[in-house]
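Taking it in order: structure first as C-alpha cells, then the write-up.
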Amino acid sequence: LLMFKKSNMKIKILKKEEIDRVIAEEIITLINSKNKVVLGLATGSSPIGVYDLLVKAYQNKEVSFKNVISFNLDEYLNIDIENKQSYHYFMKEHLFSKVDIDINNTHFPSEENYLKYDEEIKQNGGIDYQILGIGSNGHIAFNEPGTMFNEKTHIVELKNSTIKDNSRFFSSIEEVPTKAITSGLETIMQARKIVLIATGKNKARAICDLIEKEKTTLLPASILKDHDNVVIYCDEDASSLLTKQIA
Ligand code: F6R
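Below is the structure:
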C-alpha cells in the first residue's frame with residue numbers, strides 16, 4: 024500500500040508585478056514586526072523585481088535593514104567576489120549597496136565556511152523567509168537533478184548545460200566557473216517560510232511536474248511538497264502546462 028502525503032504547497036498565478044509586490048510587502052511586514060529577521064536570498068532574474076521594491080521601500084523610509092541577517096543560497100567556487108558575475112556582486116548591485124544592511128550580517132557559502140553554513144544559519148535562529156527561483160530542469164539553488172534530498176551545504180560540479188547557460192554572462196565559456204557551493208535541499212527545507220518565483224514559458228514544464236507529479240530527486244524542487252509553508256508564485260506563462268484546475 025502506497026500512501027502519498029498530501030502536499031500543503033500553495034500555488035498562486037499572478038502577473039509578475041503582482042508577484043513582486045506581494046512578496047516585497049510580506050518581507051517588509053515581517054521586518055517591521057520582528058527585532059531580528061533572517062532572510063534566505065537567491066540571485067538570478069527571478070528575485071530582481073522584489074529587490075527593486077525593497078530598495079524603493081527603504082528609500083521611502085518604510086523599512087530598515089539594520090536588523091536583517093541574510094544567507095544567500097549559492098556562489099561560484101574560485102571566483103573573485105569583485106567579478107561582476109559573482110553572486111556577491113549581484114547582491115551588492117541589486118540590494119546590499121542600496122539599503123542600510125550591515126554587510127557583516129550578509130552571508131554566502133564559501134570553500135572556507137560551507138561545512139559550517141547550516142550550523143551558522145541555525146545559530147542565527149534559522150531562516151524566517153526564503154526566496155527561491157527554479158531552473159528549467161527543476162533545480163533550486165545549485166541542486167541539480169539527482170541531488171539527494173538530505174544534502175546540506177555542499178560543493179557541486181556544474182553540469183555542462185549549466186556552464187553553457189551561464190556562459191552568456193561571461194566573455195568566453197572558459198571563464199565560467201566549473202564548480203559552485205550551494206545550500207543543500209535539506210538546508211532550504213529548514214526555512215520557516217519559502218516562496219518560489221517562476222515566470223516565463225521555459226519554467227512551465229518544471230512547474231507542471233512540481234505541482235502535478237510525485238516527489239522525485241529528478242526534480243529537486245519537488246522536495247518542497249514536504250514543507251508546510253510554501254507558496255509557488257507563477258505567472259501565466261509558467262503555469263501554462265498545468266492540466267488541473269487550481270482553486
Ligand atoms: C540563484 C539560484 C538558482 C536560480 C535559478 C533560476 O541563487 O539559486 O537556482 O534561482 O537558476 O534562475 P532565474 O531566476 O535567472 O531564472
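Just so we're aligned, residue 24 is where the sequence shown starts under the working numbering, counting upward by one. Cβ coordinates follow ideal geometry from the N, Cα and C atoms, glycine included. Keep in mind it's a predicted model, so treat the numbers as computed, not measured.
Open item on the list: Taking 8 angstroms as the cut-off, does the stretch 242 to 254 touch the stretch 211 to 219 (at least 3 CB pairs, one atom from each stretch)?
Closed with: yes
Task: For asparagine 95 and tyrosine 81, believed in contact at Cβ under 8 angstroms, the rounded distance - done: About 19 angstroms separates the two Cβ atoms, so there is no contact after all.
Open item on the list: According to DSSP, is aspartate 97 part of a helix, a strand, or is it coil?
Closed with: strand
Open item on the list: Whole angstroms are fine: how far does the CA of phenylalanine 131 sit from the CA of valine 199?
Closed with: 19 angstroms
- [ ] Answer yes or no: the CB of threonine 66 versus the heavy atoms of ligand 1, is any distance below 6 angstroms?
- [x] yes
- [ ] Alpha carbon to alpha carbon, how far is alanine 47 from asparagine 90? Give it in angstroms, no decimals.
- [x] 17 angstroms
Task: Same chain only: Cβ atoms within 8 angstroms of threonine 176, ignoring 5 sequence neighbours per side - done: Pro132, Tyr137, Leu138, Tyr140, Asp141, Ile204, Thr205, Ser206, Gly207 and Thr210
Task: Cβ neighbours of serine 69 in the same chain (closer than 6 angstroms, five flanking residues each side left out) - done: Gly156 and Ile220
Open item on the list: Measuring straight from C-alpha to C-alpha, what distance separates phenylalanine 88 and alanine 244?
Closed with: 29 angstroms
- [ ] Give the C-beta separation of leucine 37 and isoleucine 50 to the nearest angstrom, bearing in mind that I take them to be a contact with Cβ-Cβ under 8 angstroms.
- [x] Leucine 37 to isoleucine 50, Cβ: 16 angstroms. No contact.
Task: Nonlocal neighbours in the same chain, by C-beta distance under 6 angstroms from asparagine 128, ignoring five residues either side - done: Ile92
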